[in-house]
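Numbered per my numbering, the sequence shown spans residues 1 to 74. Quick reminder that beta carbons are idealized off the backbone N, C-alpha and C, glycines included. Okay, structure first, notes after.
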Amino acid sequence: MSSPIKRLVQYHIKRLSDKNPDVRIKAIKELELIADTDALDVLRSVFENDDNAEVRSAAKQAGRTIFLKTSQTN
1 MSSPIKRLVQ
11 YHIKRLSDKN
21 PDVRIKAIKE
31 LELIADTDAL
41 DVLRSVFEND
51 DNAEVRSAAK
61 QAGRTIFLKT
71 SQTN
């Protein structure tokens, strides 16, 4: 069974496909707070493909934050 953090990350990743950009932005912000590297590839995809500029910007910021947080601990 996966850890609660991994399940939470997967929950927010699923929310990134919601039609509402506000839901996607909230999910991105939650992923940024969790700072799990499992979210990086998905955030990159959102940044490259989402049709909403605010969502793309949030994904870029979250990916950068997660990358920096996790690279400091390794």
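Query: Extent of the continuous alpha helix (DSSP H) run through residue 49; Result: 40–49
Query: Sub-8 Å separation of residue 29 and residue 47 beta-carbons; Result: no
Query: Buried versus exposed call for residue 54 [16 or more other C-beta atoms within 10 Å across all chains shown]; Result: exposed
Query: CA-to-CA distance, residue 3 to residue 64, given in whole angstroms; Result: 24 Å
Query: Beta-carbon spacing of residue 40, residue 13 below 8 Å; Result: no
Query: Cβ-based neighbour list, residue 70, same chain, cut-off 7 Å, excluding 5 preceding and 5 following; Result: 35 and 37
Query: When 57, 44 and 6 are compared against residue 22, the one with the closest alpha-carbon; Result: 57
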